[in-house]
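Peer 1: From first to last, the protein sequence lines stand for chains A and B. Residue 295 in our numbering is what sits at position 295 of the first sequence, and the numbering runs on without skipping anything. Residue 576 in our numbering is what sits at position 247 of the second sequence, and the numbering runs on without skipping anything. Backbone N, C-alpha and C fix where the C-beta goes; we use that ideal spot for every residue, glycine too. Because the structure is a prediction, the values reported are computed rather than measured.
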Amino acid sequence: MPDNGAVTSPAIETHGLRKIYGRTVALDGLDLQVEAGEVFGFLGPNGAGKTTAVKLLLGLARPTAGDGRVLGQPIGDRVTRGRVGYLPELFRYQAWLTAHEVLALHAQLAGLPGATRRAEIARVLELAGLTGRADDRTGGFSKGMQQRLGLAASLLGDPALVILDEPTSALDPVGRADVRTIIGEARSRGSTVFLNSHLLGEVERVCDRVAIVNRGRVVAAGALGNLLGDASVRIRATGLPTGDGALAPLERLGTVERADDWLTIRHLDPDRIPDAVATVVGLGGRVHAVESGRRSLEELFLGLVQDAADPIDPADVAGVPAAPTGGER
Amino acid sequence: MITLRPMLAIAGLTLREIVRRRIVWVLLILAVVSVALVGIGVQRLVSFARADGVAELEIRIGVSQVLIMIAFMFSFVLAMSAAFLAAPAIASDVETGTVLAMLARPIRRADLVVGRWLGLSIAIAIYAMVSGLLAIAVVNLVSGHLPPLPWIAVSFLAWQAIAVLTFALALGTRLPAIAAGAITVVVFGLGWFVGVLGSIAIVFNAEPLATAADALGVLLPTDGLWRGVIYGLEPPLVAMLASGSSARGLQASPFFAVSPPPITFVAWSVVWVVLVVAVGVLLFRRREL
């Protein structure tokens, strides 16, 4: 993956990025690499350090230790910020300006050439579904409309990198679907999208790669397919023959495990699930249930985050015998 | 390459905010109402005095002192307005998060601070000068009294307000809006008080107190600028009368000035404003958002 670094450097790269606020470790040595052109999901529970990471990338806060590069330049570089679009988690725009005026202000601050501003503002208004409200003051906007406005502002000028911090927190299901479309559109125009979210369904649908962060540390990272593992299917069937080689026709589809009435077929091409069922029936089996066995992102996430939530510290355990602290393993 | 465009964009935004949020109209309506009341008051004073057969010269002197009192009250109102406009200018943007989206753009934090300062300074200067000249014109209309240097007076009035505004803005880069505004008003009041104390110290030859007051006057030049306002309003005749040794007590008055603030002091006040803006920029640059 990163081998062609000489040609296209990663959009984001951090090394041991650390941020301490008072006694709170907000980010504890973040190592991250986001390739140019991908949609990257940065996942974590509330308070995991996602927003802190974004603020460090944009120079809104200074790292306590570590460093990083955004679009090939050191983090916080002013000129580079002209190629980055950002929707803050806490999105607020001047209530006394109209949506169009807010975007004009941001186009101006972003340094977009005057000649293209008008068309560009119209484009992002359309994209965010705000064309009809362009001349209304944002003070009268619902939270969802304000978030759409922030999204529009972040897309002004086709930035090379778009950083969206919880972009759907105030949106209804229709709005969320719109955001997926917008992200797809941004990617097709060549932008790298860095998506901060705790809404797993969303991330699962749009992201190429994800990193899961917990307590300021990345606990898993990689392509979604690799993280979730191969697809598998579980079939409950009775009346199947027993003995060595009895399930040979099924084994041509994937690795088969048998436990009581349940068959688990791993490494199965999802398109061949009907073939697997047909094969079971062909072998004389009576099918009672079929379940898709692929782990969801949610299961993966909960597993990783809960494991880390209750680390067993030998020092604590030694001092407190049989204390009923924390129920989970 | 340093470009002024983002800074000017912020200044324009600040001016637009003042107009859009109707702050400017509230201030102007207040000014017009106050000026109208001043006009009516002075007109009645003059007509009563004339009916009683008071000499015209005495009336003029009386009106000149009334005008200085009015200017004094207006300078306080201006200082308050400046403090409460400037204190939230950056502080509220930080508190609400508006600043996040703006500072993620390729602009410097200095652009935001200086742009805000410029926009607010233009607004407060226009307000001070328009209101001040209006009051002077109305008093002239009803009494015939015209201060010797009206432009000097309103310029010092505006510059004093800008000094107060600068202080509040700089505090607001680090403190919550309410704290920045309250501290500014208290410090402004103290500055005025120290000025009065200094004048009294001179009259009573209390050397150390006078030196201390002078030093504080350098640290906070607002009261010194107020002396410039009086200088522009004080008729030369009153200044002449007060120059006699019998009138030494008059020199302790906060409403009296025979000479303009020294040019070095005025130059220092400019440096002071620049320094305070610079401190504001430094504080804001260090701030984590």
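Just how far apart, CA to CA, sit Gly368/B and Gln146/A?
Peer 2: Looking up residue 368/B in the second sequence gives position 39. Looking up residue 146/A in the first sequence gives position 146. C-alpha separation (whole angstroms): 48 Å.
Peer 1: Compare the C-beta of Ile436/B with all C-beta atoms of chain A and state if any pair is closer than 9 Å.
Peer 2: Taking the first residue of the second sequence as 1, we reach residue 436/B at position 107. Yes, its Cβ sits closer than 9 Å to a Cβ of chain A.
Peer 1: Quick check: what's the CA-CA separation for Arg62/A versus Cys207/A?
Peer 2: To locate residue 62/A, count along the first sequence from 1; it is residue 62. To locate residue 207/A, count along the first sequence from 1; it is residue 207. One C-alpha to the other measures close to 28 Å.
Peer 1: At the level of alpha carbons, what is the spacing between Asp67/A and Thr14/A?
Peer 2: Along the first sequence, read from residue 1 onward, the residue named residue 67/A stands at position 67. Along the first sequence, read from residue 1 onward, the residue named residue 14/A stands at position 14. Roughly 6 Å between the two C-alpha positions.
Peer 1: Determine the chain A residues that contact Met336/B at a beta-carbon separation under 9 Å, and present them in chain order.
Peer 2: In the second sequence, residue 336/B corresponds to position 7, counting from 1. Ordered by position in chain A, no residue passes the 9 Å Cβ test against Met336/B, which lies about 11 Å from the chain.
Peer 1: Could you say if the region 204-224 of chain A and the region 38-58 of chain A meet the contact criterion of at least three C-beta pairs nearer than 8 Å?
Peer 2: Contact between the region 204-224 of chain A and the region 38-58 of chain A is present, because at least three Cβ pairs lie under 8 Å.
Peer 1: Going by the beta-carbon positions, is the gap between Leu109/A and Ile436/B smaller than 9 Å?
Peer 2: In the first sequence, counting from the first residue as 1, residue 109/A sits at position 109. In the second sequence, counting from the first residue as 1, residue 436/B sits at position 107. In this structure, Ile436/B lies closer than 9 Å to Leu109/A by Cβ.
Peer 1: Under 9 Å, Cβ to Cβ, is there at least one residue of chain B near Val317/A?
Peer 2: Taking the first residue of the first sequence as 1, we reach residue 317/A at position 317. Note on Val317/A: pLDDT 35, under 50, position unreliable in the model; no value is reported.
Peer 1: With a threshold of 6 Å on Cβ separation, who are the neighbours of Ala163/A within its own chain once the five nearest residues in sequence on each side are excluded?
Peer 2: What you label residue 163/A is simply residue 163 of the first sequence in a count that begins at 1. According to the sequence as given, residue 163/A is Ile; it is not Ala. Val54, Tyr86 and Phe194.
Peer 1: Shorter than 9 Å from the beta carbon of Gln147/A to some beta carbon of chain B?
Peer 2: Position 147 of the first sequence, counted from the start, is the residue given in the question as residue 147/A. It does not: the Cβ of Gln147/A has no partner Cβ on chain B nearer than 9 Å.
Peer 1: What residues in the region 418-443 of chain B have a beta carbon less than 8 Å from any beta carbon of chain A?
Peer 2: Of all residues in the region 418-443 of chain B, Thr425, Gly426, Thr427, Leu429, Ala430, Met431, Leu432, Ala433, Arg434, Pro435, Ile436 and Arg437 have a Cβ within less than 8 Å of some Cβ in chain A.
Peer 1: Is it true that the CB of Thr64/A sits closer than 9 Å to the CB of Tyr93/A?
Peer 2: Along the first sequence, read from residue 1 onward, the residue named residue 93/A stands at position 93. Along the first sequence, read from residue 1 onward, the residue named residue 64/A stands at position 64. No, they are not a contact pair.
Peer 1: Mind checking the region 74-86 of chain A against chain B and listing, in chain order, the residues whose C-beta falls within less than 8 Å of any C-beta there?
Peer 2: Arg78, Val79, Thr80, Arg81, Gly82, Val84 and Tyr86
Peer 1: Which partner residues does Ala134/A have in the DSSP bridge list?
Peer 2: Numbered from its first residue, the first sequence carries residue 134/A at position 134. Note: Ala134/A sits in no beta bridge, so no partner.
Peer 1: Ala430/B and Phe141/A: beta carbons closer than 9 Å?
Peer 2: Taking the first residue of the second sequence as 1, we reach residue 430/B at position 101. Taking the first residue of the first sequence as 1, we reach residue 141/A at position 141. For Ala430/B and Phe141/A, no; Cβs fall outside 9 Å.
Peer 1: Please determine, among Gly527/B, Pro505/B and Arg556/B, the residue with the shortest C-alpha to C-alpha distance to Ala482/B.
Peer 2: Indexing the second sequence from 1 puts residue 482/B at position 153. Residue Arg556/B is the option with its Cα nearest to Ala482/B.
Peer 1: Between Gly49/A and Leu27/A, which are expected to be in contact by the criterion C-beta below 8 Å, what is the C-beta distance as a whole number of angstroms?
Peer 2: On the first sequence, residue 49/A is found 49 positions in, with the first residue counted as 1. On the first sequence, residue 27/A is found 27 positions in, with the first residue counted as 1. That pair is a contact at about 4 Å.
Peer 1: So is Leu612/B in contact with chain A if we call contact Cβ pairs under 9 Å?
Peer 2: On the second sequence, position 283 is the one that residue 612/B refers to. No, Leu612/B does not count as interfacial toward chain A.
Peer 1: On a Cα-Cα basis, can you pick out the residue from Trp597/B, Ser421/B, Ala607/B and Leu344/B that is closest to Leu504/B?
Peer 2: On the second sequence, position 175 is the one that residue 504/B refers to. For Leu504/B, the closest of Trp597/B, Ser421/B, Ala607/B and Leu344/B by C-alpha to C-alpha distance is Ser421/B.
Peer 1: Against chain A, with Cβ distances strictly below 9 Å, would Glu563/B count as a contact?
Peer 2: Numbered from 1 along the second sequence, position 234 holds the residue referred to as residue 563/B. The Cβ of Glu563/B sits no closer than 9 Å to any Cβ of chain A.
Peer 1: If you draw a straight line from the alpha carbon of Arg83/A to that of Leu604/B, how long is it in whole angstroms?
Peer 2: Numbered from 1 along the first sequence, position 83 holds the residue referred to as residue 83/A. Numbered from 1 along the second sequence, position 275 holds the residue referred to as residue 604/B. Going by the C-alpha atoms only, they are around 33 Å apart.
Peer 1: Contact between the region 492-500 of chain B and the region 605-616 of chain B: three or more CB pairs below 8 Å?
Peer 2: yes
Peer 1: Straight-line CA distance for Trp446/B to Ile20/A?
Peer 2: Your numbering for residue 446/B matches position 117 in the second sequence. Your numbering for residue 20/A matches position 20 in the first sequence. Answer to the nearest angstrom: the Cα atoms are 32 Å apart.
Peer 1: Roughly how many angstroms separate the alpha carbons of Pro311/A and Gly47/A, rounded to a whole number?
Peer 2: Along the first sequence, one-based indexing puts residue 311/A at 311. Along the first sequence, one-based indexing puts residue 47/A at 47. A caution first: Pro311/A carries a pLDDT of 45, below 50, which makes its placement in the model too unreliable to give a value.
Peer 1: Within this structure, are the beta carbons of Ala452/B and Thr343/B separated by less than 9 Å?
Peer 2: On the second sequence, position 123 is the one that residue 452/B refers to. On the second sequence, position 14 is the one that residue 343/B refers to. Yes.
Peer 1: Kindly indicate the opening and closing residues of the beta strand (DSSP E) around Arg209/A.
Peer 2: Along the first sequence, read from residue 1 onward, the residue named residue 209/A stands at position 209. Note, Arg209/A: beta strand (DSSP E), Arg209 to Asn214.
Peer 1: Could you check if Ala246/A is buried or exposed, using at least 16 other CB atoms within 10 Å of its CB as the buried criterion?
Peer 2: Along the first sequence, read from residue 1 onward, the residue named residue 246/A stands at position 246. Exposure of Ala246/A is indicated by the presence of fewer than 16 other C-beta atoms within 10 angstroms of its C-beta.
Peer 1: Hey, how far is the Cα of Thr427/B from the Cα of Pro417/B?
Peer 2: For the purposes of this step, residue 427/B is taken as residue 98 along the second sequence, with counting starting at 1. For the purposes of this step, residue 417/B is taken as residue 88 along the second sequence, with counting starting at 1. Rounded to the nearest angstrom, the two C-alpha atoms are 12 Å apart.
Peer 1: For the beta strand (DSSP E) that contains Gln33/A, what are its first and last residues?
Peer 2: The sequence position of residue 33/A within the first sequence is 33, counting from 1. First-last of the beta strand (DSSP E) with Gln33/A: Thr24 to Val34.
Peer 1: Apart from the five residues just before and just after Arg272/A, which ones in its own chain have a Cβ nearer than 7 Å to its Cβ?
Peer 2: Here residue 272/A refers to the residue found at position 272 when the first sequence is read from its first residue. Correct list, in chain order: Leu253.
Peer 1: Where does Pro564/B land, buried or exposed, given buried means 16+ other C-beta within 10 angstroms?
Peer 2: By 1-based counting over the second sequence, the position of residue 564/B is 235. Pro564/B comes out buried.
Peer 1: Are three or more beta carbon pairs between the region 280-293 of chain A and the region 228-241 of chain A nearer than 8 Å?
Peer 2: Flag = yes, the region 280-293 of chain A and the region 228-241 of chain A touch.
Peer 1: By how many angstroms is the C-alpha of Ala586/B removed from the C-alpha of Gly510/B?
Peer 2: Sequence index remark: in the second sequence, residue 510/B carries index 181 (1-based). Sequence index remark: in the second sequence, residue 586/B carries index 257 (1-based). So the alpha carbons of these two residues sit roughly 29 Å apart.
Peer 1: If I measure Cβ to Cβ from Asp381/B and keep anything under 6 Å in the same chain, skipping five residues before and after, which residues do I get?
Peer 2: Here residue 381/B is taken as the residue at index 52 of the second sequence, counted from 1. Once the five neighbours on either side are set aside, Asp381/B has no close Cβ partner at all.
Peer 1: Would you identify the three-state DSSP class for Phe194/A, choosing helix, strand or coil?
Peer 2: Here residue 194/A is taken as the residue at index 194 of the first sequence, counted from 1. The answer is strand: DSSP assigns Phe194/A an E or B state.
Peer 1: Residues bridged to Val218/A by DSSP?
Peer 2: Within the first sequence, residue 218/A is the residue found at index 218, counting from 1. Answer by DSSP bridge pairing, in chain order: Val213/A.
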